[in-house]
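The sequence shown begins at 1 in my numbering and counts up by one. Where a beta carbon is used, it is the ideal one built from N, C-alpha and C, also for glycine. So the structure is just underneath, and the comments pick up after that.
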Amino acid sequence: MCCGKYLWCLVFLAVSYVKCRTIYLEHDSPTREEIAFLKKYGYMDDQLDVDYSGDATYTADSISEALRKMQAFAGLPQTGSLDSQTRKLFKRKRCGVKDIDNKSSRNKRYVIYEGWPKRNITWNVINGASTLPKSRVEKQMEASLAIWAPHGGLSFTRVDRSSQADIKVSFGREEHGDGFPFDGLGHVVAHAFPPPSGSLHFDDDELWGDDPDKEELANNDITDFFAVAVHEVGHALGMCHSDVEESVMYPYYKTPVEKLHWDDIMGMRELYMKDVEPMPEVIEAHTAPPFAPKFTLADREAERDSVMDEEESENEIPDLCFTNYQTIQVIQGKIWVFEEEWVWVLHDRKEIEVGYPKRFHEIFRGLPAHVNSIRTIYEKRNGNIAIFSGRRYWEFDDRFRFVRRGRLSDYGMPSRVHELSTVFMSNYNNKTYLIQYERFWRYDEDLGKMDKGYPKDMSAWRQLPYPVDAAMVWRGDTYFFRGPRFWRFDNLLVAAHEYYPLPTAQVWFPCEHTPDMDRYIENEEP
Ligand code: ZN
Ligand code: ZN
């Protein structure tokens, strides 16, 4: 979920890259701008391969590796080459803050970034945009701050002087005084600085708008101020970029912004609520904010005329062929697929059991109501089923009767780990792997303790993406899932098979082949 601690490290060494020449002779060699992009957003080391004369050289491998990281973060297929989707990404409107902190690439550690050390935060708008008067900027800022407030237990007060404000909003063009110049119309539209700075800068060369109903929004040139402001406020509160495409902290511009995603809320929990137990209210704040913000998204939506669909769409069952999968796991020899509050059970590939999908709360009675999605679940050695959410887990017996609940620390996880992304048991060594983003631990259920020498870096499992959304063992083989794709893993080679990834929906679920599937299935999956 996270990039670095400080934006200040974002210095993209303009000096060194002006004089560098790139040595890369493939026909699809990246342009100077594309290399600059990869460095600026943290996908390529600024100082990579600097030779004795001070010129930087980039090998095909290092560029490919950087492209793969960038593609993974954006949720694109990790081709490692400059395909058309990837080239589009370079041009897309986005936030100027770094995506990945490679400062610590040698020694990947959990980066704890900081929020404000107080709950009442002040703000001030210094100037308006050329296309948006200050008063309207203030109105949108108030709404943007209110979106975040309940999830950190925060309140926001507008003050008259910017010198007294924690969060300071301004518009500027090109070089605007902080050494991170804007780039004219398009691409970078804004950036922001985490606490204790709290500055939000918007590129005044963009055509800012605040009325999503207006036809101009269909015009790509207009940038919705609210959508960008919600994201930048996240930075000003200490949030980093997320690779979850539905999250507000995803670095690329998209509209409309409708609500915070679970991933954003978890980030706020980590920043502001980790000492507050129990957590359920925070998650329920999604629907019923306990801190009663003055504005909610609903207010803004009411300004539009499109409120009506929201409740309906929330009751809709996701289409298994076109969705992300919260997690997928094999339990009692069947494939269980979780998305939102639903579960599908398949007794074989493409064979959904009669009566599914069901709401998983109907099966796991005793699971607290605030657990509104299942991030990860696995079957233990003793046949019990453990469901993880945040720092807690709930255990059910093999007939789905509630047994007990516990904490991650029961597994010997360090207290700073606030959630796990994936848990699975390997059939290779009967050990339990507990994965948190780019790291994993190995637990021995027979001995009831964590194995020594962990956590390890996910990069040890070669050709796999990380973080992964799910991992499972099906009929002797280990599979990893991320977004819409999956990989089969070779336990002996400690690497994914080379003809993966393949599209999950079309291989595992009864879904039609799509035209673009040929791209993935050149080899029939054995
Ligand atoms: Zn950003
Ligand atoms: Zn700036």
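Can you give the Cα-Cα distance for residue i and residue j, rounded to whole angstroms?
i, j, result
"Arg462", "Asn120", "46 Å"
"Lys449", "Gly412", "7 Å"
"Lys118", "Gly152", "10 Å"
"Cys240", "Tyr58", "28 Å"
"Val403", "Glu379", "14 Å"
"Lys134", "Asp203", "15 Å"
"Met266", "Ser81", "33 Å"
"Asp309", "Glu316", "With a pLDDT of 44 at Asp309, under the threshold of 50, the modelled position of this residue cannot be trusted; read the value that follows with caution. Cα to Cα, Asp309 sits roughly 11 Å from Glu316."
"Lys39", "Phe364", "46 Å"
"Asp348", "Asp457", "33 Å"
"Arg488", "Asp205", "47 Å"
"Asp49", "Phe37", "Caution applies to Asp49, whose pLDDT of 45 falls short of 50 and renders its modelled position unreliable; the value that the coordinates give is listed next. Distance between the alpha carbons of Asp49 and Phe37: 17 Å."
"Pro181", "Leu502", "41 Å"
"Val494", "Gly476", "15 Å"
"Tyr43", "Gly234", "22 Å"
"Leu434", "Asp211", "45 Å"
"Val248", "Ser29", "32 Å"
"Gln332", "Phe440", "24 Å"
"Glu438", "Glu174", "36 Å"
"Asp45", "Leu76", "21 Å"
"Ser62", "Thr86", "16 Å"
"Phe388", "Ala369", "14 Å"
"Met70", "Asp183", "21 Å"
Determine the closest residue to residue i out of the options, with distance taken between C-alpha atoms.
i, options, result
"Arg527", "Glu445, Pro150, Thr131, Val468", "Here the chain comprises residues numbered 1 to 526, so residue 527 is not present and cannot be evaluated."
"Asp187", "Cys95, Glu395, Ala369", "It is worth fixing the name first, because residue 187 is His in this sequence and not Asp. When each option's Cα is compared against that of His187, the closest is Cys95."
"Gly366", "Thr79, Arg399, Glu138", "Arg399"
"Gly238", "Leu207, Tyr272, Trp208", "Tyr272"
"Tyr253", "Asp264, His231, Ala386", "His231"
"Glu340", "Gly80, Val354, Gly333, Pro318", "Pro318"
"Glu593", "Gly198, Ala74, Phe322", "Given that the chain is displayed from residue 1 to residue 526, the structure contains no residue 593 and the question cannot be resolved."
"Asn324", "Arg391, Pro368, Glu33, Phe486", "Phe486"
"Asp243", "Val137, Thr422, Ala72, Ala460", "Ala72"
"Gly172", "Asp264, Trp208, Leu320, Val330", "Trp208"
"Lys358", "Val97, Arg401, Pro368, Val343", "Val343"
"His201", "Asp221, Gly184, Leu320, His176", "His176"
"Leu492", "Pro467, His191, Ala460", "Ala460"
"Ser144", "Val473, Val423, Glu258", "Glu258"
"Pro194", "Trp262, Trp116, Asn382", "Trp116"
"Val417", "Arg401, Arg392, Arg405", "Arg392"
"Ser163", "Glu174, His191, Ser199", "Ser199"
"Phe225", "Pro414, Gly128, Arg161, Ile167", "Gly128"
"Ser426", "Ile147, Asp490, Lys88", "Asp490"
"Pro196", "Ile147, Ala146, Ala236", "Ala236"
"Glu351", "Asp183, Phe360, His361, Val337", "Val337"
"Gly390", "Ser415, Arg401, Asn384, Gly383", "Ser415"
For a quick check, are the C-beta atoms of residue i and residue j less than 8 Å apart?
i, j, result
"Val345", "Tyr356", "yes"
"Gln78", "Pro510", "no"
"Phe481", "Ile328", "yes"
"Asp99", "Pro251", "yes"
"Leu420", "Thr478", "no"
"Thr223", "Lys93", "yes"
"Ala165", "Asn124", "yes"
"Val189", "Val137", "no"
"Lys431", "Asp410", "no"
"Thr131", "Val159", "no"
"Trp474", "Val354", "no"
"Tyr428", "Arg442", "no"
"Ala192", "Val97", "yes"
"Arg544", "Glu445", "Because the chain here runs from 1 to 526, residue 544 falls outside it and cannot be looked at."
"Gln326", "Ser373", "yes"
"Leu260", "Ala505", "no"
"Phe396", "Met472", "no"
"Trp148", "Ile335", "no"
Distance cutoff 8 Å, beta carbons only. Does residue i sit that close to anything in chain B?
i, result
"Tyr253", "The structure shown contains no chain B; it is built from a single protein chain."
By DSSP's criteria, residue i is part of a beta bridge. Which residues make up the other side?
i, result
"Cys606", "The question about residue 606 has no answer here: the residues shown for the chain are numbered 1 through 526."
"Pro503", "Arg485"
"Ile147", "According to DSSP, Ile147 bridges with nothing at all."
"Ser155", "Asn120"
"Ala528", "The shown model of the chain, from 1 to 526, leaves out residue 528, and the question about it has no answer."
"Lys344", "Rather than Lys, the amino acid found at residue 344 in this sequence is Trp. Its beta-bridge partners are Val337."
"Glu351", "Asp348"
"Asp490", "Ala495"
"Trp208", "Thr223"
"Ser168", "According to the sequence provided, residue 168 is Lys. The question's Ser does not apply to it. BP columns for Lys168 point to Asn124, Ser199."
Q) Going along the chain, which residues put their C-beta within less than 6 Å of some heavy atom in ligand 1? A) Cys95, Val97, His231, His235, His241, Pro251
Q. Just the residues with CB closer than 6 Å to a heavy atom of ligand 2, in chain order, which are they?
A. His176, Asp178, Phe180, His191, His201
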